[in-house]
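Trainee: Per the UniProt record's numbering, residue 1 is the first one in the sequence shown, and the count goes up by one each step. Heads up, the beta-carbon is just placed ideally off N, CA and C, and yes, glycines get one too. The structure under discussion is supplied below as C-alpha cells; questions concerning it will follow.
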Amino acid sequence: INSILKIYIFISLQEVTASSRHYVDRLFDLDPQKVLQGVIDMKNAVIGNNKQKANLIVLGAVPRLLYLLQQETSSTELRTECAVVLGSLAMGTENNVKSLLDCHIIPALLQGLLSPDLKFIEACLRCLRTIFISPVTPEDLLYTDATVISHLMALLSRSRYTQEYICQIFSHCCKGPDHQTILFNHGAVQNIAHLLVSSSYKVRMQALKCFSVLAFENPQVSMTLVNVLVDGELLPQIFVKMLQRDKPIEMQLTSAKCLTSMCRAGAIRTDDSCIVLKTLPCLVRMCSKDRLLEERVEGAETLAYLIETDVELQRIASITDHLIVMLADYFKYPSSVSAITDIKRLDHDLKHAHELRQAAFKLYASLGANDEDIRKKIIETENMMDRIVNGLSESSIKVRLAAVRCLHSLSRSVQQLRTSFQDHAVWKPLMKLLQNAPNEILVVASSTLCNLLLEFSPSKEPILESGAIELLCSLTQSENLALRVNGIWALMNVAFQAEQKIKSDILRGLSTEQLFQLLSDSDVNVLMKTLGLLRNLLSTRPHIDHIMSTHGKQIMQAVTLILEGEHNIEVKEQTLCILANIADGTTAKELIMTNDDILQKIKYYMSHSNAKLQLAATLCISNLIWNEEEGSQERQDKLRDMGIVDILHKLSQSSDPNLCDR
1 INSILKIYIF ISLQEVTASS RHYVDRLFDL DPQKVLQGVI DMKNAVIGNN KQKANLIVLG
61 AVPRLLYLLQ QETSSTELRT ECAVVLGSLA MGTENNVKSL LDCHIIPALL QGLLSPDLKF
121 IEACLRCLRT IFISPVTPED LLYTDATVIS HLMALLSRSR YTQEYICQIF SHCCKGPDHQ
181 TILFNHGAVQ NIAHLLVSSS YKVRMQALKC FSVLAFENPQ VSMTLVNVLV DGELLPQIFV
241 KMLQRDKPIE MQLTSAKCLT SMCRAGAIRT DDSCIVLKTL PCLVRMCSKD RLLEERVEGA
301 ETLAYLIETD VELQRIASIT DHLIVMLADY FKYPSSVSAI TDIKRLDHDL KHAHELRQAA
361 FKLYASLGAN DEDIRKKIIE TENMMDRIVN GLSESSIKVR LAAVRCLHSL SRSVQQLRTS
421 FQDHAVWKPL MKLLQNAPNE ILVVASSTLC NLLLEFSPSK EPILESGAIE LLCSLTQSEN
481 LALRVNGIWA LMNVAFQAEQ KIKSDILRGL STEQLFQLLS DSDVNVLMKT LGLLRNLLST
541 RPHIDHIMST HGKQIMQAVT LILEGEHNIE VKEQTLCILA NIADGTTAKE LIMTNDDILQ
601 KIKYYMSHSN AKLQLAATLC ISNLIWNEEE GSQERQDKLR DMGIVDILHK LSQSSDPNLC
661 DR
C-alpha cells in the first residue's frame, strides 16, 4: 500500500509540475494573443491554489511576467493581466512574496503607475498593496524614490480603487516619525481628509486607518487634524460620529485610536466630552467578552494608552462597566466551555490567547499608575498576584514585559509592598527576570526593583541576600541611560539607613573609578541619583568617619569638581548637603577644615542669590561648630577669621524663615 501511495504521489506531482510548466511555456509564445490567453488561464489556475503558485514561481514565471508587464510593445490588456497574476501570486505564502521581492517587483509596479490607463494603474496598485501588507516587505522600499509619494498622492483622485489601495499602502508603510513626516509634508492630511466622507465604506475605512497611524505619537499631525474641515465639519466631530454603536466595530475602534492619539498629543483636552463621554466608553465596550479576541486586545491596549498619564481618566475608566472585573476574563480565554463553535476561530484564539493576557496587564498597569484605591481593587481581583507571577515567566517576551509593567505600577503602593508583594514573594521571579533579559524588560524590571528596595519594603532583605548589589552595580555600567539611572537609584534606596556592611558592599561593588564615572555622567538624572547615593552612604557618624577614612580624598575631589562646574541649583544643593553630612562626622570634618578651597566655596554659597544653596551651605557651618564637640573652639576661630560671622548676621535678616532660623 505504501509503495502504491508513493507512486500515486509521484505521478500527481509530475502532473502538477507538467501542468505548471505548460502555463510558463505559453508565456514565451510568439503570438501575443496566445500569450494573453496563457496569462488569463494562469490567473484562473492560481486562484486559491498555493501549490500551483509555488510551482509557477519555481519554474520562473515571475521574471517573464515582469518582463511582459514592463514591455511597451505589450498590450495594455496583457500588462494588466500580468499585474493581476503577480498580485495573486503575492497572496500566497510569505516565501512567495520574498521571491517576488527578489525579482525587483516593486520598481516594476511603481513604473507601471506612470501609465495613462486606469485599469492597469489599479491592477499595479492592488498588487503593490498585497506586497506591502506582507510582514516580509521592508516599508522603506516605498520611500527610496522621493517622487513616488507625490505621484501616489496625485493618483488618489483617479478612482475609489486607487483611493482604497493607496490609503492601505500608506497605513501599512507608515512605521514611525520619519515616515509620518514624509507623508505629512507631501500633503497626506489634505489629500486624505475628504475620503472620510466617501460613499465607499472601504475607502472611508482605509482613510481612517491612515489617520490613526499618522497621528500616533505625533503632535504635529494631531494639531493639524484638530482644525481640518471636511464638508463644514471638523475632523474630531467626524471621528466621533464614526464611534457610534451602529457603526462597524472596526470603524469604532479605529476612530477611537485617532481620537486617543490626538488626546495624548495635547490636541484634544483629556476632559473634553469627546474623550470622556465617547472615546473612553467606546474602548471599554471593546473589552467586553462578547467581542472578538482581536477587538478585545486592541480595545484594551488603546484604552491603556489613552489613560496612561491622566489620573482622572484612570478613575473614570476604573468605574466604567466593571472594567477591572471584566479584564479578569482575559486570563480565562478561551475556556473549556467556550461558546466558540467555529473550529478555525477556536484554533486561532488558542494561538493568540497570550495577546489577551498582554493587553490586560498593560491596561491594569495604566489603571493603577496613580490611585491607591484602584491598585487595591486590581490586587483584590481573583488570583491577580498569581497571574502576574505566572506572567513574569511566560514564553512570550511581550507578555513578560506587560506583566512586569503591571507589577511596576502596583509596586508604587506602600500598602501592597508590605502585604500582597510579600505574601506572593514577587521578588523571586523578578530577580530571575533580571538575569540576561533584553534591555526593554530590564528597564521596567529594575524600576520595579527600585520600589521593592525601599526602606519599608519587607522584600528588601531577601533581595539583598540574593545578590542584588552586584547586579545593580553592573547596571550602572550599562550604555543604556535608563538602566544606569535605575541601577544607581536602586543602590541609593539600598543605602538609605543601611548597616555599615551593606554600605561597604556597595562601595566595593561600584569601585571608586565607577563612582567618579557616574559623577561625571552627562545625564543630570544619573548625577543626581549618584549624589543621593553618596548622601545616604554618608549618614550616621561612625559610617561617615569610616567611609571618609577610606574614600575621603576621592569624595572631596568629586565635591570640588561639582561645585566648580556648570551644574543646576539642585545638583549643587545636593552636593552641599553631602558636605554637611561630612561636617557632621567626628574625624571626617577635618577633611573640610584642612581644605581651604572647600571652605571658601562654602563661604561663597552662603552669599549666593539662591536661598536653597545658602541654607545648605549654612548647614555645613552649623555642623562644624557644635560647642560640645572636641576642637570646636579652633574651628570656630578659623571660620570667624574667614568672615563667616558677618555673613551669618546678614542671613539672620533673610526673608526666608528656614534660612533665618538656621
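(1) Thinking C-alpha only, which one of L68, P138 and L619 is nearest E94?
(2) Nearest to D523 by CA position, among R484, V85, L214 and L534, is which residue?
(3) Under three-state DSSP, which class holds I613?
(4) For N658, does the count of other Cβ atoms within 10 angstroms reach 16, so buried, or fall short, so exposed?
(5) To the nearest angstrom, report how far apart E122 and Y333 are at their CA atoms.
(6) Thinking just about the alpha-carbon of each residue, which of Q415, L356, K344 and H354 is nearest to the one in K377?
(7) In the structure shown, what three-state DSSP assignment does V136 receive?
(8) Rounded to whole angstroms, what's the CA-CA distance from G509 to L537? Just pull it up for me.
(9) For D371, which residues in the same chain have their Cβ closer than 7 Å to its Cβ, ignoring the five residues on either side in sequence?
(10) Would you mind stating whether L100 and L114 have Cβ atoms separated by less than 8 Å?
(11) Once DSSP output is grouped into helix, strand and coil, what is the label at L234?
(12) Assuming E394 and H354 are in contact, meaning their beta carbons sit under 8 Å apart, how far apart are those beta carbons, in whole angstroms?
(13) I want to know whether the segment 558 to 574 touches the segment 539 to 547 - three or more CB-CB distances under 8 Å.
(14) Give me the Cα-Cα distance between G48 and L303, rounded to the nearest whole angstrom.
(15) In angstroms with no decimal places, state the Cα-to-Cα distance between D140 and I131.
(16) Does DSSP classify L155 as helix, strand or coil?
(17) What is the C-beta distance between S632 and I625, in whole angstroms, given that I count them as a contact (C-beta under 8 Å)?
(18) Kindly indicate which three-state DSSP category L229 falls into: helix, strand or coil?
(19) What is the rounded straight-line gap between the Cα of S504 and the Cα of C473?
(20) Can you round the beta-carbon distance between Q220 and S171 to whole angstroms, since I take them to be within the 8 Å contact cut?
(21) To the nearest angstrom, how far is it from the Cα of D178 to the Cα of V136?
(22) With distances taken between CB atoms, is the gap from R535 to N480 smaller than 8 Å?
(23) Just to confirm before moving on: does the CB-CB distance between K209 and C167 stay below 8 Å?
(24) Measure from the alpha carbon of C263 to the alpha carbon of each residue in P248, T279, L253 and T76, then state which is nearest.
(25) CA-CA distance, F239 and Y67?
(26) Taking 8 Å as the threshold (C-beta atoms), are V228 and A193 in contact?
(27) Would you mind reading off the limits of the alpha helix (DSSP H) that contains H352?
(28) Is the distance from the Cβ of Q514 to the Cβ of Q477 below 8 Å?
(29) Whose C-beta lies closer than 8 Å to the C-beta of L78 among residues of the same chain, with five residues either side of it excluded?
(30) In angstroms, rounded to a whole number, what distance separates the CA positions of residue 697 and P462?
(31) Which residue spans inside the segment 14 to 61 form an unbroken alpha helix (DSSP H) run of at least 4?
(32) Quick check: what's the CA-CA separation for D641 versus Q600?
(33) Within 8 Å of any Cβ in chain B, is that where the Cβ of A215 sits?
(34) Helix, strand or coil: how does DSSP classify S299 here?
(35) Please list, in chain order, all residues of the same chain as T181 whose beta carbon is under 7 Å from its beta carbon, the five residues on each side excluded.
(36) DSSP three-state label for S99, please.
Mentor: Here's the rundown:
(1) Position 94 of the sequence shown, counted from the first residue, corresponds to residue 94. Checked all of L68, P138 and L619; the closest Cα to E94 is P138.
(2) Numbered from its first residue, the sequence shown carries residue 523 at position 523. That would be R484, whose Cα lies nearest to the Cα of D523.
(3) Taking the sequence shown and counting its residues from 1, one reaches residue 613 at position 613. Position check: residue 613 holds Leu in this sequence, whereas Ile was assumed. In the three-state reduction of the DSSP assignment, L613 falls in the helix class.
(4) Residue mapping note: residue 658 aligns to position 658 of the sequence shown, counting from 1. It counts as exposed.
(5) What you label residue 122 is simply residue 122 of the sequence shown in a count that begins at 1. What you label residue 333 is simply residue 333 of the sequence shown in a count that begins at 1. C-alpha separation (whole angstroms): 42 Å.
(6) For the purposes of this step, residue 377 is taken as residue 377 along the sequence shown, with counting starting at 1. Closest in C-alpha terms to K377, from the list Q415, L356, K344 and H354, comes Q415.
(7) The residue given as residue 136 occupies position 136 in the sequence shown. DSSP places V136 in coil when its eight states are reduced to three.
(8) Position 509 of the sequence shown, counted from the start, is the residue given in the question as residue 509. Position 537 of the sequence shown, counted from the start, is the residue given in the question as residue 537. Separation of G509 and L537 (C-alpha to C-alpha, rounded to the nearest whole angstrom) is 14 Å.
(9) In the sequence shown, counting from the first residue as 1, residue 371 sits at position 371. Answer for D371: V311, Q314 and R315, listed in chain order.
(10) Translated into positions along the sequence shown, residue 100 becomes position 100. Translated into positions along the sequence shown, residue 114 becomes position 114. Cβ atoms of L100 and L114: not closer than 8 Å.
(11) Residue mapping note: residue 234 aligns to position 234 of the sequence shown, counting from 1. In the three-state reduction of the DSSP assignment, L234 falls in the strand class.
(12) In the sequence shown, residue 394 corresponds to position 394, counting from 1. In the sequence shown, residue 354 corresponds to position 354, counting from 1. Contact annotation, E394 with H354: C-beta distance approximately 7 Å; criterion of less than 8 Å satisfied.
(13) The segment 558 to 574, when compared against the segment 539 to 547, does not touch it at the 8 Å Cβ threshold.
(14) Working through the sequence shown from its first residue, we reach residue 48 at position 48. Working through the sequence shown from its first residue, we reach residue 303 at position 303. Roughly 38 Å separates the two Cα atoms.
(15) Translated into positions along the sequence shown, residue 140 becomes position 140. Translated into positions along the sequence shown, residue 131 becomes position 131. C-alpha separation (whole angstroms): 13 Å.
(16) Translated into the one-based positions of the sequence shown, residue 155 becomes position 155. Of the three classes helix, strand and coil, the one that applies to L155 here is helix, per DSSP.
(17) Position 632 of the sequence shown, counted from the start, is the residue given in the question as residue 632. Position 625 of the sequence shown, counted from the start, is the residue given in the question as residue 625. Between I625 and S632 the Cβ distance is about 6 Å, and since that is below 8 Å, they are a contact.
(18) On the sequence shown, residue 229 is found 229 positions in, with the first residue counted as 1. Strand, per DSSP.
(19) Position 504 of the sequence shown holds residue 504. Position 473 of the sequence shown holds residue 473. Roughly 13 Å between the two C-alpha positions.
(20) For the purposes of this step, residue 220 is taken as the residue at position 220 of the sequence shown. For the purposes of this step, residue 171 is taken as the residue at position 171 of the sequence shown. Not confirmed; about 18 Å, so no contact.
(21) Counted from its first residue, the sequence shown places residue 178 at position 178. Counted from its first residue, the sequence shown places residue 136 at position 136. Looking at the backbone, the Cα of D178 and that of V136 are separated by about 20 Å.
(22) Stepping through the sequence shown from its first residue, residue 535 is reached at position 535. Stepping through the sequence shown from its first residue, residue 480 is reached at position 480. Judged by their CB atoms, R535 and N480 are not nearer to each other than the 8 Å cut-off.
(23) The count along the sequence shown starts at 1 and reaches residue 209 at position 209. The count along the sequence shown starts at 1 and reaches residue 167 at position 167. Yes, these two residues count as a Cβ contact at 8 Å.
(24) For the purposes of this step, residue 263 is taken as the residue at position 263 of the sequence shown. The shortest C-alpha separation from C263 is found at T279.
(25) Residue mapping note: residue 239 aligns to position 239 of the sequence shown, counting from 1. Residue mapping note: residue 67 aligns to position 67 of the sequence shown, counting from 1. Roughly 45 Å between the two C-alpha positions.
(26) Along the sequence shown, read from residue 1 onward, the residue named residue 193 stands at position 193. Along the sequence shown, read from residue 1 onward, the residue named residue 228 stands at position 228. With contacts defined as CB atoms closer than 8 Å, A193 and V228 qualify as a contacting pair.
(27) Residue mapping note: residue 352 aligns to position 352 of the sequence shown, counting from 1. Element bounds for H352: I343 to L367.
(28) If you number the sequence shown from 1, residue 514 lands on position 514. If you number the sequence shown from 1, residue 477 lands on position 477. Yes; because the gap between Cβ atoms is below 8 Å, this pair is in contact.
(29) If you number the sequence shown from 1, residue 78 lands on position 78. In the same chain as L78, and ignoring 5 residues on each side of it, the C-beta atoms closer than 8 Å to its own belong to P32, V35, L36, V39 and L68, in chain order.
(30) This structure does not reach residue 697, given that the chain is present from 1 up to 662, and the question cannot be answered.
(31) If only complete runs of 4 or more residues are kept, the segment 14 to 61 shows the alpha helix (DSSP H) at 32 to 46 and 50 to 58, in order along the chain.
(32) Numbered from 1 along the sequence shown, position 641 holds the residue referred to as residue 641. Numbered from 1 along the sequence shown, position 600 holds the residue referred to as residue 600. In this structure, the alpha-carbon of D641 lies about 12 Å from that of Q600.
(33) Absent here is chain B; the protein component of the structure consists of one chain.
(34) Position 299 of the sequence shown, counting from 1, holds the residue named residue 299. Before going further, note that residue 299 is Gly rather than Ser in the sequence given. DSSP, reduced to helix, strand and coil, places G299 within a helical segment of the structure shown.
(35) Taking the sequence shown and counting its residues from 1, one reaches residue 181 at position 181. If you ignore the 5 residues before and after T181, its C-beta comes within less than 7 Å of no other C-beta in its own chain.
(36) Locating residue 99 in the sequence shown gives position 99, where the first residue counts as 1. When DSSP states are grouped into helix, strand and coil, S99 belongs to the helix group.
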